[in-house]
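In our numbering, the protein residues as written are 36 to 106.
Take a look at the structure below.
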């Protein structure tokens with residue numbers, strides 16, 4: 036499993052990952068968009084390269100109306 040640092044992963048590096056990490060099976064970033072728009076946002080799916088895109092839907096703790104219903 037690969038979790039991008041700070042949830043940031045550009046398309047170029049995402050394409051490069053299977054060559055750099057041939058045993059990689061899962062990339063796990065975020066499901067919900069970030070306020071800055073920098074995060075690698077994912078859906079639950081298998082990518083064309085066979086790697087499973089499996090976003091994390093919750094981490095940490097923030098009690099707000101948005102996160103109460105979003106996660």
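Just so it is clear, CB atoms sit at the ideal spot from N, CA and C, and this is done for glycine as well.
**Asked** Do the stretch 39-46 and the stretch 66-79 make contact, defined as three or more Cβ pairs closer than 8 Å?
**Response** Between the stretch 39-46 and the stretch 66-79, the count of Cβ pairs shorter than 8 Å is three or higher; the stretches touch.
**Asked** In angstroms, rounded to a whole number, what distance separates the CA positions of residue 83 and residue 49?
**Response** Indexing the chain shown from 1 puts residue 83 at position 48. Indexing the chain shown from 1 puts residue 49 at position 14. Taking the straight line joining both Cα atoms gives about 12 Å.
**Request:** Find out if the Cβ-Cβ distance for the pair residue 64, residue 36 is shorter than 8 Å.
**Result:** As a first step, residue 64 is located in the chain shown; it is residue number 29 there, counting from the start. As a first step, residue 36 is located in the chain shown; it is residue number 1 there, counting from the start. No, the pair does not count as a contact, with Cβ atoms beyond the cut-off.
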